[in-house]
Amino acid sequence: MSLDSLYPFLYSGDSGTATDVLEEVCRSTETKVRETAELRALVLEREGRRLLECADRMAERFAAGGRLLAFGNGGSSTDAQDLASLFLGSGRGALCLTNDIASVTALSNDVGFDVVFSRQVAAFGRPRDIAVGLSTSGNSANLLRAFDEAARRGLLTVGLAGYDGGRMAEIDTLDYLFTVPSLSVHRIQEAQTTLYHALWELTMDRAR
86 MSLDSLYPFL YSGDSGTATD VLEEVCRSTE TKVRETAELR ALVLEREGRR
136 LLECADRMAE RFAAGGRLLA FGNGGSSTDA QDLASLFLGS GRGALCLTND
186 IASVTALSND VGFDVVFSRQ VAAFGRPRDI AVGLSTSGNS ANLLRAFDEA
236 ARRGLLTVGL AGYDGGRMAE IDTLDYLFTV PSLSVHRIQE AQTTLYHALW
286 ELTMDRAR
């Protein structure tokens, strides 16, 4: 996506005075904040009950000594790292599968990028564990394969996707899929951040 599509008032050729630009920036920011707030409220309305149910099942897994395995690509990989750090900071076992650069690069080079998560799930995953994958499109092949492997091994599988869920909405290896219905990658990732923070808080509340 080009910058002129995000900020047309800066690239129109007649941007006006500094005051005009500042006012337009403020309007644009207010619009984006409003869109994000409305999207978060919509997701909460649609997914609130299932979030509670998922948190209950995650708490049960942690109580049994389970760990969380989080994964994603690009910006979603940083969200996966954040999610893993939330549970680690709360005294729960958690791994972010993108953090082991040696494994990621070795598997990508020697086998293929599609297996970078599924091979790690096979190596580290136990039946009492939890696999959480994040994607804006829901179409990432390496997430789909990881969910297949996690389900085969008895892990609780949780996916976060955007748009209409993509291919993640079509597979039967996900116990829970939370979809953010937006066409904007930015709004999707903002709402997904709220989703997994809520899931963390709810899980820890039930784990006390």
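Taken in order, the sequence shown gives residues 86 to 293; the numbers are from my numbering. We treat Cβ as the ideally placed atom computed from N, Cα and C, and that holds for glycine.
Hey, could you find the ends of the alpha helix (DSSP H) residue i is sitting in?
i                 : result
tyrosine 281      : 270 to 292
phenylalanine 202 : Counting along the chain, phenylalanine 202 falls outside any alpha helix (DSSP H), and DSSP gives it neither H nor E.
glutamate 234     : 226 to 237
DSSP three-state call for residue i: helix, strand or coil?
i                 : result
phenylalanine 263 : strand
threonine 121     : helix
phenylalanine 156 : strand
valine 217        : strand
glycine 133       : helix
glycine 178       : strand
alanine 191       : helix
alanine 148       : helix
aspartate 105     : helix
isoleucine 186    : helix
serine 170        : helix
threonine 114     : helix
Have a look at residue i and residue j and give me their C-alpha separation to the nearest angstrom.
i                 : j              : result
alanine 254       : leucine 245    : 10 Å
glutamine 166     : threonine 104  : 40 Å
threonine 242     : glycine 176    : 21 Å
cysteine 139      : threonine 278  : 16 Å
phenylalanine 263 : glutamate 132  : 7 Å
leucine 168       : glutamate 109  : 35 Å
alanine 235       : asparagine 194 : 23 Å
Start and end of the beta strand (DSSP E) containing residue i?
i             : result
threonine 242 : 241 to 247
Are residue i and residue j touching if we call contact CB-CB under 9 Å?
i           : j                 : result
glycine 218 : phenylalanine 156 : yes
valine 196  : leucine 182       : no
glycine 160 : arginine 211      : no
serine 225  : asparagine 184    : no
serine 222  : tyrosine 248      : yes
Does the beta carbon of residue i fall short of 8 Å from some heavy atom of the ligand GDP?
i           : result
alanine 187 : As for the ligand GDP, it is missing from this structure, which has no ligand bound.
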